[in-house]
Structure formats: structure tokens, C-alpha cells
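Chains as they are written, first to last, in the numbering used here: chain A, 2 to 290; chain B, 21 to 304; chain C, 834 to 1083.
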């Protein structure tokens, strides 16, 4: 009796383990199926190289170049802000801040990750957007730049947490060795610790990028939703994620437009899969150090 | 360019790192302060417990609160057992072979898939293919699949933190593997799984994109009858009233944001304090 | 002289590397067999194979046979085997629960006892047999993690006695203990052999000479020599054995 019960439970546990892989396969194959059925009617090359996104005009055009460049621009902007701040904060928290306030600083940084992205988007709308409009004297503050600022805030906790782990796992002998040779603490940090922690920091940055590319609500609320290839960071833009989120509600289920959004989803899935895979490679490397 | 002395350059660099840290911390404090300052005046019992009125420009947010609560609870009820079982399988049973590595890789990568892609998946599978329609259950299933890798990862961490030697002792006494897991591993991993679960609840409470086309309704001024109804949800409601409704009174938007933020932050704090508490009480 | 354990041509491999080479040895009932030898001689692998703990390791493989009372252990149910062949680990590992619960943990899971009075009696008897009862009888319900190292190791012995095995395997049981605690554990071993058959793996040659009836010397996965302890220590047949017990290597 007891034996058979054990057996049943173990079977359930095994099934759940298998379920997790079934879901990945399911998600991927589903996106693939919907996306590919779109590419049957619309060439993939045209899809990613054409810049005109007119899904509802009489002769529809499904070019996502403008959306890709929008995503890329806002991601690049966010990285330029978040990477230096994030890595420097990680250094400060792990190596310089007094031990007593280390955990407090870390929790404060991570607090940002807990705030829902709609809330961040809303705050961006009422603070950063008008600020950008006035400071740079623009017709609208809903720009890639405003989006980059808010997205940077959302990427910083990811970058700090993972970089800090990497910096802290640098063996103390490395530091002692450099210090014993007469280097100042800062020289040691910069030349020895930062170098040794680099794979982990790169992984942190990749995960931060993954977070930024996939972010939906905040970008939708503050980047202006204009589907064209931007000329500068002060242009309104539209990302892949916000296109899916804002248009899916109005599409005819099963139509070309509907399928094209799944095709965008497929592209997003592949990009983030790649980014995470790279991060994973670097993390693995760091562990074996 | 003049060369700085090592001492001076250290001082300047530390200053720079300190400024960076402040830049990382101050924005979140500003966000919280701003929302509390402008939102608290809207919060009262009536706001929390009454229906929205006048095209959402007046009245309360009760259905949105209930809707979010229903979706999140359903999601966690689905994802927690599956996730914990999968974690037990991976950590305690699975041999280190190709399939296992594939599963682990899949879990790591699933955690990075954008939430809006989960939304698409939920729309295609649950809403359309399984014909659940836009409903609480479709949204909950979508969120549960999104949260599954996170739950599996935290549960595995918790299981891993139980020393291997406890398992060896139990097995060496002739106790079966499942009994060992049930009576030695799980009780000692429970605190970690619990805090991870609270954090997951907090996270999915604030998610908008996955429920956008699977569960959330623009405006339903009544409570759901069953899990097959569509509902208003707090994050989606906040998105709507801050972008789609003209002449929306500011304090209602801030009030809604405050309620959502407080819900999420309170749960996060509970999880953090629970972690500290359990860590102090840990017996090994 | 009844053979309790009969090992026939046992070979063990770890990641395809041979760690135990065609080993044959007997363990007599109610005797203590010591296994000595330098590091990597395969003595711990030997011990962990006797109750098939080594079968839990992924990279482990084996050939040959081990008989427990004429029954091949590799054909037996693993849990049932481990109930008959208990094992004490090198470090004391109390489970994170009270002293009382540590003792009753396995008997309860195995369904050996049910009545509360039986359980109490079992706890008392096991602790007495491990000469720990007087130390802890007033604090049975406090955490086992708060005992001293020596007490913890004796608790681990009591925990094994509670499932009433036939053979007890000791894996360097005193490597983490001070001389006084070591003496106590050795004392209880001598007491235990009246009821149980014991295999002791030890790094401490003197300990082997103090407690065991027979001693086996392992080197690089091979059994070099096995004999009555007195004989082996006074006039070893093999040069390598002599070198090891006189401390010239290892």
C-alpha cells in the first residue's frame, strides 16, 4: 500500500518535470506555426528589411525594420545609461560600502525591480516625459530618450544583483596579492577584481538587455508609438513589444495582421533566447573560474 | 592630460561610484514618494470597495482589485504544485543526462522570454485553441506558465540548500527516497519555497502584458460569477486610466497606482522579512 | 564461526576507473573486521558497497557478488538491505530535529513501531546501548544539533540501533573526534559486537589494533593481506603491510 503510494507520487513528480519541457516545446512550436504560416504569404526578408508597417491599409505592408530599429535604439540608450551606473553601483556595494549598510543598499536597488512596469510607465509619463520636452525643447516628450531613461531604471537592479555576485565571488587571494604588491585599493579593484569578474558582469549586462528588449507596458506608455525609422534618440519610436500589445486587441483573429503579430513574437522569442543563452554561457564560465 | 596621484584618483573614483549608487537608488525613492504623496488623498474605504462610475472618472476600483486577486490566486494554485514537483524531479531524481540538461536549459531560457510573448501564447492556446475565451482561467494559465520557470528555479535553490548528508543518512537507514524527500528535504526547504512563492505572487500581481488579451476587460462594473468571466485587473486598469481616458482626475490615477504598488511592495517586504527570519532560525 | 558477509570477486569502478580490484573477503558473525590502508586504497568504496550506498552515485559501476547470509545483496531490495546493514558516517550527522525524533525517525518511516509506549521504550533502549542515555535523558526533546561532537556520533549509533540491523558499518567514525570521545565510541563498538557484526574502516592503525578481531590491509584497490589482528600486527606476511603499520608510508 505504502509502496504503491510512493510509486504514484514519484510518477506525478516525473510527469511535472517533463511538463516543463513540454511547455517550452509547445510555446516555441506554437509561435513557429503561427509565424511560419505568416511567412508563407509574406516573405521573411521583406518582413525584416521593409520599414513600412501599414497592417491595415488597402495594400498592407508588414515591414518591421522600423520596429526593430525602435527596439534597438531604446535598448541601446537604456544600456548606455544602465551599464555604467549598474556596474559602478555593484562595485560600490560589494567592495567599498561599509558592511553595515551593504544589505540596505542592495535591498533599495532591488526595490525598483518589485515595482510593476505600468507604475513605472505612469511615473515616466508624468515626470520624465514633460521634463524631456521642456529641457530639449521638443514638440513632444514621448521619445526614445524618455523610454531609455525609464528602461535603464528597470535594468539596473538586474545588472547590479548579478554583477555584485560576480564581483563578490572573486577569490580574496587575488585582491590580497595585488594589495601586497603596493597597489591602492582602487587600482586593485579596477585592474584585478573587475577583470576577474568580467564574465559575470557581461552575463549581467546580457540579462539586463533581455529585460529591456522584452519590456512592454512602460515603453508603450512613454515612447510615443510612432512606427518609423528614427533619425535621432529624440524621435518618438515604437518597439516590437508595444506593437504586439497595442494592436493585438484590434486584429481579426486568424487574419494576416493577427499572424504578423505572432511573427513579431517569434522574432522577439528568438532574440531573447539568444541573449539569455549568451548570458548563460558567461555565467557558466564564471562558475568554473 | 595631467596624471593624477594614485591616492587622489582613488578618492575621485570612490566619489564617482558613490554618485552612481545614488543614481541607482534615488529614482525608486522618488517614484514611491511621488505616488504616495499624490495618491493617498484618493484612498478611502469607498474607493477600495465600490464600483467605478462615470466612465471610470469617479467611484472606486473594487472590481479591479477582485479581478487581480482572482487571476493571481488561480495562477499560483496551478503553478505552485507543478513547479515544486518539477523542482523535486530535477533536483532529487533526475540523472545528469542529455534530457535533464535540456530541461534545465529550457527553464533558464523560459525565464527570459518577454511577458508579452507569453500573452501571445496564452491568446493562441488558451483563449482560442482551448476556447476558454478571454477569462480569469485563461489569464491565470498564461501567468502560471510564465511564472513556472521562476518557481522551479527558486524551489530548486531551496531544495539544494538542504545538506546532501541529511539525504544520505536517511537513505542509509533504509528509508525510501520519497519518504526521505517528504520527511527530511521538504520540511527543511519549505521556508525557501514559501518566500519564493510570495515573491512570485507579488511579481505576477503587477504584470499587465500577459493578461492584456487573455483575461483583462476594459470596463466591467460588476464582480465575476465564475472563472470563465473576464474581469478588470488592477495593472491593466491603471494603464487604461492613465493613457486612454481623457480628463481623468489625477488623484484617481495616483490612488490606483498607490494601491497596486502597495500590494506588490507589501508582499515583497513580507518575503524579505520571512527570509531573514527563517535564515536566523535555520538549524544547520 | 559463521560467515555473515561473504564478498566474492568484487570489483568497483568510478567513472570507469578501477578503484577496487577483484576483492574476496569474509566477515565472521559477531566479530569486528578492521579495514586499514592509505588514502585512495578503496576502503571507503568497499564499505559503501556493502549496503549499496555507492549505487546512489551516478558514475559508479561494479562487478562481482556480495552475500549476506547466503543472499546476494545486489538482488535484494535496497531499502531492505540497508535496514539489515546500518552505516555510521565519518562526521556525526544528526538530522535537524530533536534527539528523540532522530531515534524514532527511521523506525516510524519503516513502520516498525506504532504504539507510543513502544516508541519510548525503543528510544530509551537505543540510547542506553549507545551509552548516551545518562547524558541526554533529561533533554530528549531538545535539538540534536546542540550536542557535542562525541554525543552526536553516539546519537548516530543509537539511531542505527533503533532499526535493529545485523551488520553495522563504521566509516572512520572517529576522524572528527577528540581522544576521550574516541575512547567512548570504541568502548561501545566492543559492546556492540556481542549483538552485531561490525566492519570498521579506519585511518588510525592503532584503533584497528585496539578493537578488531581481524584486520585487512588494502592498497591501491587491492586486498594485500587479511588475518587475525594480533597476527597481522606482530608478524605480517607482506612487506607492504609491514611498511604501512610501522608508519613508513601512508
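Cβ atoms here follow ideal geometry from the backbone N, Cα and C, with glycine treated the same way.
Look at the alpha carbon of residue i and the alpha carbon of residue j, and state the distance between them as a whole number of angstroms.
i	j	result
residue 145/B	residue 257/A	18 Å
residue 97/B	residue 150/B	20 Å
residue 202/B	residue 281/B	37 Å
residue 895/C	residue 103/B	36 Å
residue 70/B	residue 218/A	27 Å
residue 194/A	residue 186/A	10 Å
residue 164/A	residue 209/A	11 Å
residue 84/B	residue 159/B	14 Å
residue 199/A	residue 198/B	42 Å
residue 1049/C	residue 974/C	41 Å
residue 1077/C	residue 192/A	50 Å
residue 216/A	residue 30/B	37 Å
residue 172/A	residue 1045/C	45 Å
residue 132/A	residue 150/A	12 Å
residue 112/B	residue 170/A	27 Å
residue 42/B	residue 137/A	24 Å
residue 84/A	residue 157/A	7 Å
residue 88/A	residue 82/A	11 Å
residue 194/B	residue 911/C	7 Å
residue 37/B	residue 161/A	13 Å
residue 117/A	residue 56/B	15 Å
residue 850/C	residue 170/B	39 Å
residue 155/A	residue 33/A	29 Å
residue 1029/C	residue 183/B	30 Å
residue 848/C	residue 890/C	10 Å
residue 206/B	residue 105/B	11 Å
Taking the alpha helix (DSSP H) that residue i falls in, what are its first and last residues?
i	result
residue 78/A	66-92
residue 1058/C	Where residue 1058/C is concerned, there is no enclosing alpha helix (DSSP H), although the beta strand (DSSP E) it sits in stretches over 1055-1061.
residue 245/B	Segment: none, residue 245/B is in no alpha helix (DSSP H) and carries neither H nor E.
residue 1001/C	Note, residue 1001/C: premise wrong, no alpha helix (DSSP H); beta strand (DSSP E) at 1000-1004.
residue 1023/C	1012-1025
Kindly list, in the order they appear in chain C, the residues whose Cβ is closer than 9 Å to that of residue i.
i	result
residue 186/B	926, 928 and 929
residue 257/B	In chain order: nothing, as chain C lies at least about 46 Å away.
Can you tell me which of the three DSSP states residue i falls into?
i	result
residue 23/A	helix
residue 897/C	strand
residue 262/B	helix
residue 162/A	helix
residue 178/A	helix
residue 288/A	Note that residue 288/A scores a pLDDT of 44, beneath 50, so its modelled location is shaky; the value from the coordinates is reported in the next line. In this structure, residue 288/A counts as helix in the three-state DSSP scheme.
residue 1045/C	coil
residue 114/B	coil
residue 275/B	helix
residue 1081/C	coil
residue 1050/C	strand
Below 7 Å on C-beta distance, what does residue i contact in chain B?
i	result
residue 963/C	Neighbours of residue 963/C on chain B: none; closest Cβ ~15 Å, over 7 Å.
residue 991/C	Neighbours of residue 991/C on chain B: none; closest Cβ ~12 Å, over 7 Å.
Since residue i meets chain B, which of its residues come closer than 8 Å, beta carbon to beta carbon?
i	result
residue 161/A	44
residue 952/C	What residue 952/C touches in chain B: nothing, since even the nearest Cβ is about 16 Å away.
residue 186/A	30
residue 1/A	Look at the range of chain A in this structure, 2 to 290, and you will see that residue 1/A is not part of it.
residue 884/C	192
Start and end of the beta strand (DSSP E) containing residue i?
i	result
residue 68/B	Unbroken run through residue 68/B is the alpha helix (DSSP H), 65-69; no beta strand (DSSP E).
residue 846/C	836-847
residue 920/C	918-921
residue 850/C	850-861
residue 867/C	865-869
When you compare each of the options to residue i by their alpha carbons, which one comes out closest?
i	options	result
residue 45/A	261/A, 131/A, 277/A and 101/A	261/A
residue 971/C	957/C, 1079/C, 909/C and 857/C	957/C
residue 61/A	280/A, 42/A, 70/A and 78/A	42/A
residue 1040/C	1029/C, 1030/C and 1004/C	1004/C
residue 89/B	173/B, 240/B, 226/B and 210/B	226/B
residue 257/B	82/B, 51/B, 127/B and 49/B	82/B
residue 984/C	855/C, 1000/C and 967/C	967/C
Whose Cβ in chain A lies nearer than 8 Å to the Cβ of residue i?
i	result
residue 7/B	This structure gives no information on residue 7/B, because the portion of chain B shown stretches from 21 to 304.
Mind pulling the chain C residues with CB within less than 7 Å of residue i?
i	result
residue 115/B	891
residue 204/B	928
residue 33/B	The premise fails here: residue 33/B is roughly 46 Å from chain C at the closest Cβ pair, so nothing lies under 7 Å.
Could you tell me whether the Cβ of residue i comes closer than 7 Å to any Cβ of chain E?
i	result
residue 11/A	No chain E is present in this structure, whose protein chains are A, B and C.
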